[in-house]
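Residue numbers (the working numbering): 81 to 183.
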């Protein structure tokens, strides 16, 4: 007996993709949140949109903003403090010697 496969509508396919991008962003891939938010943002302007799609798109946008803010805060902190703290510099900065004898 052959199994029947249901054909997904465009809205169901969008919801499935937005859900995958939303949960994929939690796997240390905030770029997926940014992609999801930018791709599906225009689709939120429609009259009738699935409430779950709104949740995933707004959640992805919020996650992308928080991740970008966290990365920027880390970069600013690192750039301002690595030259000041010698112990932090030894811990985080790898200096490759010019001659190969020291390795």
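Built from N, CA and C at the ideal position, the CB exists for glycine as well.
- In terms of Cβ geometry, residue 157 and residue 101 do not form a close pair [threshold 9 Å].
- Between residue 107 and the set 122, 170, 118, 147, the nearest pair of CA atoms involves 147.
- For a cut-off of 8 Å, the C-beta gap from residue 133 to residue 98 is around 6 Å, short enough to register as a contact.
- The beta carbon of residue 114 sits closer than 7 Å to the beta carbons of 144 from its chain, once the five residues preceding and following it are set aside; these are given in chain order.
- Counting other Cβ atoms within 10 Å of its Cβ, residue 131 stays below 16 and is therefore classed as exposed.
- Residue 140 counts as buried, since no fewer than 16 other beta carbons sit within 10 angstroms of its beta carbon.
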